[in-house]
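Everything below concerns the one structure shown next.
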């Protein structure tokens, strides 16, 4: 019995430590992903633009074409290196995530032709970060969901 407890402790530590590391990795990925305006890199001959923002488990996308905006909003969660979208059930695998670059790929449930990675960038300079913060704050204040409970 004396030798059994240390073995049990080591065994349980080996089971729990990867889970803790995975949870920390998700938190790190969330910190890199959220509260930035990501601009999707499109081919040069395209006449449209697309921007994305991740904040508080919400994925907001703005599609700009011919001076018109189409906005979508999805709820998402991070599972390791996978973004899971609740409304559609779609999964996206994050291939690269740094301070200024996000590359992800849609994981189709069936064989699909033409699925390629989406590459996004954000301005990570001090001035770019300040502009992003001001823009994001104004978007969220306009929708009356930012800083609830504080005096104006």
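Residue numbers (mature numbering (1 follows the signal peptide of the UniProt record, and there is no 0)): -21 to -1, 1 to 131.
All C-beta atoms, glycine included, are put in the ideal place defined by N, C-alpha and C.
The structure presented is a predicted model; accordingly, all values stated were derived computationally and were not measured.
Straight-line gap, residue 19 to residue 89 (C-alpha atoms, nearest Å): Along the chain shown, read from residue 1 onward, the residue named residue 19 stands at position 40. Along the chain shown, read from residue 1 onward, the residue named residue 89 stands at position 110. The alpha-carbon atoms of residue 19 and residue 89 are separated by roughly 25 Å.
Best match in 98, 30, 78 for proximity to residue 72 [C-alpha to C-alpha]: In the chain shown, counting from the first residue as 1, residue 72 sits at position 93. Comparing Cα-Cα distances from residue 72 to each of 98, 30, 78, the minimum goes to 98.
Residue 65 and residue 79 closer than 8 Å at C-beta: Within the chain shown, the letter at position 86 stands for residue 65. Within the chain shown, the letter at position 100 stands for residue 79. The answer is no: Cβ separation not under 8 Å.
Continuous beta strand (DSSP E) stretch holding residue 63: start and end: Numbered from 1 along the chain shown, position 84 holds the residue referred to as residue 63. First-last of the beta strand (DSSP E) with residue 63: 61 to 64.
Backbone secondary structure at residue 68 - three-state DSSP: Here residue 68 corresponds to residue number 89 of the chain shown, with the count starting at 1. Residue 68: coil per DSSP, three-state reduction.
Contact belief for residue 15 with residue 101 at Cβ below 8 Å, rounded distance in angstroms: Position 36 of the chain shown, counted from the first residue, corresponds to residue 15. Position 122 of the chain shown, counted from the first residue, corresponds to residue 101. Going by Cβ atoms, the distance from residue 15 to residue 101 rounds to 5 Å, so yes, they are a contact pair.
Where residue 52 falls, given that 16 or more other Cβ within 10 Å makes a residue buried: Along the chain shown, read from residue 1 onward, the residue named residue 52 stands at position 73. Exposed: under 16 other Cβ atoms inside 10 Å.
Residues that residue 48 bridges to, as DSSP identifies them: Taking the first residue of the chain shown as position 1, residue 48 is located at position 69. According to DSSP, which records beta bridges pairwise, residue 48 is partnered with 43.
Cβ-based burial, residue 21 [other Cβ within 10 Å; buried from 16]: Sequence index remark: in the chain shown, residue 21 carries index 42 (1-based). Classification of residue 21: exposed, given that the 10 Å Cβ count is below 16.
C-beta contact flag for residue 84 and residue 17 at 8 Å: On the chain shown, position 105 is the one that residue 84 refers to. On the chain shown, position 38 is the one that residue 17 refers to. No, these two residues do not count as a Cβ contact at 8 Å.
Three-state class that DSSP yields for residue 26 in the structure shown: The residue labelled residue 26 in the question sits at position 47 within the chain shown. Looking at residue 26 - three-state DSSP - the assignment turns out to be coil, as it is neither helix nor strand.
Own chain residues within Cβ distance below 7 Å of residue 49, not counting five before or after: Along the chain shown, read from residue 1 onward, the residue named residue 49 stands at position 70. Hits under 7 Å: 42.
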